[in-house]
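Chemist: Numbering (the numbering used here), first residue to last: 3 to 311. Backbone N, C-alpha and C fix where the C-beta goes; we use that ideal spot for every residue, glycine too. Treat the numbers as computed from the prediction; the structure is a model and nothing was measured.
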């Protein structure tokens with residue numbers, strides 16, 4: 003009975019939540035160590051208007067239009083940041099804050115003024131995603147995992163985020179050594195012939211791909227939280243990069259699992275009648291994990307010191 007209910011109703015949302023969290027947390031480790039954590043926040047903000055414009059032009063919500071729209075929005079954001087920084091003579095952080103919030107607000111306004119009734123795209127979807135609705139209707143139990151006909155009915159979001167996670171892992175594995183060296187000592191990396199600017203850009207592109215792939219299913223809240231919270235919490239646990247990666251994957255997975263379970267059953271345990279947003283609860287759990295590691299993590303007092311390569 004448990005399998006008959008869990009597999010069709012909860013297995014795929016849970017897997018999508020885990021894959022999305024880990025796909026964002028992995029590049030987030032390098033962004034946090036490079037003191038570029040704001041880039042993860044930025045990506046989750048600027049992709050919204052790009053995705054909405056892509057929908058307006060194509061009339062569909064699919065991977066390639068979303069990616070191209072997000073890439074175009076990112077390019078516009080870079081140009082606007084540089085223009086504000088030069089013309090307004092303000093520091094880059096302030097310029098980024100202005101552009102990111104403005105573009106996200108513009109995306110929300112576009113959504114409110116656009117007829118998206120034919121697809122699942124609205125303001126609530128942009129913030130919280132549609133994780134709870136990504137159920138596997140063709141599944142009848144655990145045996146469906148071996149049924150080719152049932153597997154064909156899996157939500158497309160699962161395949162998309164799984165492929166993205168594999169791509170993120172492949173990028174980090176292939177470029178592990180140059181990523182590691184350039185993260186801790188950019189000058190030394192350049193003397194070794196590593197093109198740090200190109201590698202840094204590639205890292206941002208990979209992070210953007212992860213954000214766009216996760217955005218449709220889990221919304222911007224999880225994307226923002228997962229880029230920062232699991233890596234930052236992992237940083238409190240160790241001074242070794244390899245261990246930090248492992249901790250961040252664990253924290254991202256725990257956030258997704260406990261967040262999803264608490265969203266569905268937590269209110270019932272407290273006597274409420276309605277569940278809460280899974281995306282919001284996952285982000286909340288990730289924040290609580292970060293708070294606990296900040297209080298009790300073995301490396302919390304050395305969080306500002308450079309990690310050991």
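#1: Which residues in the same chain have their Cβ closer than 7 Å to the Cβ of residue 296, if we skip the five residues on either side of it in sequence?
#2: Tell me, please, whether the region 30 to 47 touches the region 203 to 210 by the rule of three or more beta-carbon pairs shorter than 8 Å.
#3: Going by beta-carbon coordinates alone, are residue 196 and residue 184 separated by less than 8 Å?
#4: Do you know how far the Cα of residue 163 is from the Cα of residue 22?
#5: Under a Cβ-count criterion, where at least 16 other Cβ atoms within 10 Å of its own Cβ denotes burial, should residue 7 be classed as buried or exposed?
#6: Spell out the partners DSSP gives residue 192 in its beta bridges.
#7: Measuring only the C-alpha atoms, how far is residue 157 from residue 150?
#8: Looking only at its chain, what residues have a beta carbon closer than 7 Å to the beta carbon of residue 214, apart from the 5 residues adjacent to it on each side?
#9: Taking 8 Å as the threshold (C-beta atoms), are residue 9 and residue 138 in contact?
#10: For the region 216 to 225 against the region 243 to 252, do three or more pairs of beta-carbon atoms, one drawn from each stretch, fall closer than 8 Å, so that the two count as touching?
#11: For residue 31, count the other beta carbons within 10 Å of its own beta carbon; 16 or more makes it buried, fewer makes it exposed. Which is it?
#12: Use the C-beta contact count for residue 103: other C-beta atoms within 10 angstroms, 16 or more gives buried, fewer gives exposed.
#13: Which value, in whole angstroms, describes the spacing of the CA atoms of residue 189 and residue 182?
#14: Would you kindly check if the distance between the Cβ of residue 15 and the Cβ of residue 133 is under 8 Å?
#15: Going straight from the alpha carbon of residue 252 to that of residue 285, what length do you get?
#16: What does the alpha-carbon distance come out to for the pair residue 105 and residue 146?
#17: With 16 as the cutoff for other CB atoms within 10 Å, does residue 229 come out buried or exposed?
#18: Assuming residue 235 and residue 291 make a contact with CB atoms under 8 Å, what is their CB distance in whole Å?
#19: Between which two residues does the alpha helix (DSSP H) holding residue 218 run?
#20: What number of angstroms, rounded off, separates the C-alpha of residue 242 from the C-alpha of residue 40?
#21: Would you mind working out which of 94, 52, 61 sits nearest residue 78, comparing C-alpha positions?
#22: Of all the options 152, 258, 267, which has the alpha carbon lying nearest to the alpha carbon of residue 2?
#23: Specify, as a first and last residue, the run of the alpha helix (DSSP H) that residue 175 falls within.
#24: Starting from the C-beta of residue 280, find all residues in its chain whose C-beta is less than 6 Å away, skip the five residues before and the five after it, and write them out in chain order.
#25: Can you tell me which of 191, 288, 92 puts its alpha carbon nearest to the alpha carbon of residue 226?
#26: Suppose the cutoff is 7 Å on Cβ atoms and the five residues either side in sequence are ignored; what does the same chain contact list for residue 223 look like?
Modeler: Judging by the given coordinates:
#1: 238, 302.
#2: yes
#3: It is a contact, given that the beta carbons lie within the stated cut-off.
#4: 6 Å
#5: exposed
#6: DSSP lists no partner for residue 192.
#7: Looking at the two C-alpha atoms, the distance is approximately 14 Å.
#8: 49, 68, 69, 72
#9: Yes. Within cutoff.
#10: no
#11: buried
#12: exposed
#13: Cα-Cα distance, rounded: 13 Å.
#14: A contact, by the Cβ cut-off of 8 Å.
#15: 15 Å
#16: 43 Å
#17: buried
#18: 5 Å
#19: 198 to 237
#20: 22 Å
#21: 52
#22: Here the chain covers residues 3 to 311 and nothing more, so residue 2 does not appear.
#23: Following the DSSP letters along the chain, one finds residue 175 inside the alpha helix (DSSP H) bounded by residues 158 to 176.
#24: 133, 134, 262, 265
#25: 288
#26: Here the set comprises 129, 130, 281, 282, 285.
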